[in-house]
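Everything below concerns the one structure shown next.
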Amino acid sequence: MPKNDVIVVGAGPAGIYAAKKAAELGAKVTIFEEHTEVGAPSHCTGHISLNGLRRLNLNLPKNIVENKITSAVFHSPSGSQFSMRYPTPVSCVVNRRLFDQKLLDSAIGAGAEISTGVSVDSFLSRDGQVVGVSLKGKQKRAIPSRIVIDDEGVSSTLLKRAGFETLDSRKTVNAVQAEVDGIQNINEQTVELFFGRNTAPGFYAWIVPLGDGTGKVGLGAARGSPRDLLFRFIHKNPEVESKLKNCRIRTLTSHPIPLGGNVAKTFHPGLLIVGDAASHVKPTTGGGIIMGLTAAEIAGEIAASAIKSEDSSAWFLSEYERRWKKEIGFELTMMRYLRRMLDSLVDKQFDTLLSYCSLLRLNEALKDKREIDFQGTSLIRLVKNPRAFLALSYLLLATFPAFISSRGHAYTDGGIEN
Ligand SMILES: Cc1cc2nc3c(=O)[nH]c(=O)nc-3n(C[C@H](O)[C@H](O)[C@H](O)COP(=O)(O)OP(=O)(O)OC[C@H]3O[C@@H](n4cnc5c(N)ncnc54)[C@H](O)[C@@H]3O)c2cc1C
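Quick note: the sequence shown uses numbering that gives the first Met the number 0, first residue 0, plus one each step.
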């Protein structure tokens, strides 16, 4: 009998959460993480919804929460604005290093073990079944297990090596983020998002304040150098000049974000795929923490139940995909369509869309809607509101031709507008 029931590859939030759940249900779990410290290096803003945390029953200690957010300002390419404000916080910004370490503490508390500084080289397989992993470098050896949970993140190296279908890299944006101090003229409870093909082609730029003049400033881009675009955004964008002209960059990190919606198949005999590796990420905003944890919780449950039933066949593990799709599949699909629509808008149409949102006072229609993860369901509810219906109709009409012709492409290259 193998020593490990479950091996988790990668101690990102999704992997740790899956490990915690499987260990709570009695499985013997080991996580392998290539970095020596969990949660570091961190490249993530850590902006997550309070509703999402509640759904997952996660209570975060104060030291992990860097700020609480009550409002968002959307800046159109030409500089007009649309704001959403709530009387109480809808989301928070977490310190990702501490957040991941807190999740790890709870996984270890549930009985999971972790080996850091250990890189997994490949899956072990027998008769088409994943039966463990093989480690790299000094620790090079084969480790058998009944189930492997793959949380290797967006790189998907192991999945590619094993010949499994992976996420669509054409639908991935490269993102870069600076932790800065010296932000001025900003509401400390407001996230600011900036759109436009000159600013952040195929995604957006953000300023997320931490409540004390420091903050996270970043952007994603489907083409071009995100680093150059970020420097241009910080130093040359007239929209942000008054806010960022005295800021000092303390750290700069970069990482890709998958925006194509989930991979086609997230289970194979002996293997479950979670988090960014499965592209459990909102294609609209790039947020992957709540989606990844939601799927990971189910992966942990199914892995533990496969161990009890002594059945790690594809048939048994397919229950994982059925269940996570029931929870978030519709949302990911709707957000993938929305992403395609947004990608096909040229800057002038984006300007028009945001001015319609202001003109129609969409912020009033949205004031009771605090759900930022389940955007598909929220949209469907919104359609009943005449103002939202008009704004959505514009989005549909404006994007329909490009949407149809850009099928399969993440980003319709309409050229940089001046
Ligand atoms: C700039 C930026 C900002 C973001 N902001 C937000 C945000 O505000 N809110 C939000 O919800 N999401 C955000 N995201 C997305 C979020 O960071 C990811 O969705 C999330 O980290 C995915 O978690 P994960 O556990 O799937 O994978 P990861 O966090 O990528 O973890 C994967 C782990 O696997 C390890 N690993 C990989 N290969 C191996 C191997 N062979 N052997 C051993 N270990 C291995 C890696 O070292 C890593 O620790 C952002 C992403 C970026 C790039």
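Beta carbons: idealized from backbone N, C-alpha and C, even for Gly.
Regarding residue i and ligand 1, is the C-beta to nearest heavy atom distance less than 7 Å?
i, result
"A106", "no"
"Q100", "no"
"D275", "yes"
"D346", "no"
"S278", "no"
"E33", "yes"
"D150", "yes"
"Q188", "no"
"V153", "yes"
"S118", "yes"
"G110", "no"
"C43", "yes"
"A13", "yes"
"G9", "yes"
"I68", "no"
"A177", "no"
"A294", "no"
"H267", "no"
"I289", "yes"
"T376", "no"
"T156", "yes"
"H234", "no"
"A221", "no"
"A174", "yes"
"H74", "no"
"G285", "yes"
"I206", "no"
"I113", "no"
"G260", "no"
"G217", "yes"
"I256", "yes"
"I47", "yes"
Quick check on residue i - is its C-beta less than 8 Å from some C-beta in chain D?
i, result
"A303", "In summary, chain D is missing from the structure at hand, where a single protein chain is found."
With DSSP collapsed to three states, give me the class of residue i.
i, result
"E187", "coil"
"K215", "strand"
"T332", "helix"
"A199", "coil"
"T115", "strand"
"I6", "strand"
"I182", "coil"
"P225", "helix"
"T35", "coil"
"A303", "helix"
"T165", "coil"
"D149", "strand"
"T411", "No answer about T411 holds up, because its pLDDT of 41 lies below 50 and its placement is not dependable."
"N362", "helix"
"N56", "coil"
"G14", "helix"
"E309", "coil"
"L344", "coil"
"S357", "helix"
"S155", "coil"
"G108", "helix"
Name the one or two DSSP bridge partners that residue i has.
i, result
"C91", "I47 and K67"
"T252", "Q176"
"V129", "S124"
"L134", "V119"
"A141", "S133"
"H74", "Q80 and F193"
"I206", "E191 and V216"
"I327", "In the DSSP output, where bridge partners are listed per residue, I327 has none listed."
"V28", "V5"
"T376", "Its beta-bridge partners do not exist; DSSP assigns none."
"T171", "P257"
Give the C-beta separation of residue i and residue j to the nearest angstrom, bearing in mind that I take them to be a contact with Cβ-Cβ under 8 Å.
i, j, result
"M7", "I148", "Before going further, note that residue 7 is Val rather than Met in the sequence given. Correct: roughly 5 Å between the Cβ atoms."
"I248", "T213", "Contact doesn't hold; Cβ gap of about 11 Å is too wide."
"P60", "D350", "Incorrect: roughly 42 Å between the Cβ atoms, too far for contact."
"T250", "A204", "Contact flag wrong, Cβ pair sits at about 17 Å."
"L331", "N261", "6 Å"
"A106", "K19", "4 Å"
"S79", "L49", "Actually they are not in contact, since the Cβ atoms of S79 and L49 sit about 29 Å apart, beyond 8 Å."
"G328", "A13", "So it is not a contact: roughly 16 Å between Cβ atoms."
"I256", "V280", "7 Å"
"E191", "V64", "At roughly 20 Å, the Cβ-Cβ gap does not stay under 8 Å, so E191 and V64 are not in contact."
"L166", "S278", "4 Å"
"A422", "V172", "Outside the modelled stretch of the chain, which goes from 0 to 417, sits residue 422, for which no answer is possible."
- Query: Where are the beta strand (DSSP E) runs, 3 residues long or more, that stay fully inside the region 229-301, in chain order?
  - Reply: Look at the region 229-301 and you find these whole runs of beta strand (DSSP E), each 3 residues long or longer: 247-257 and 270-272.
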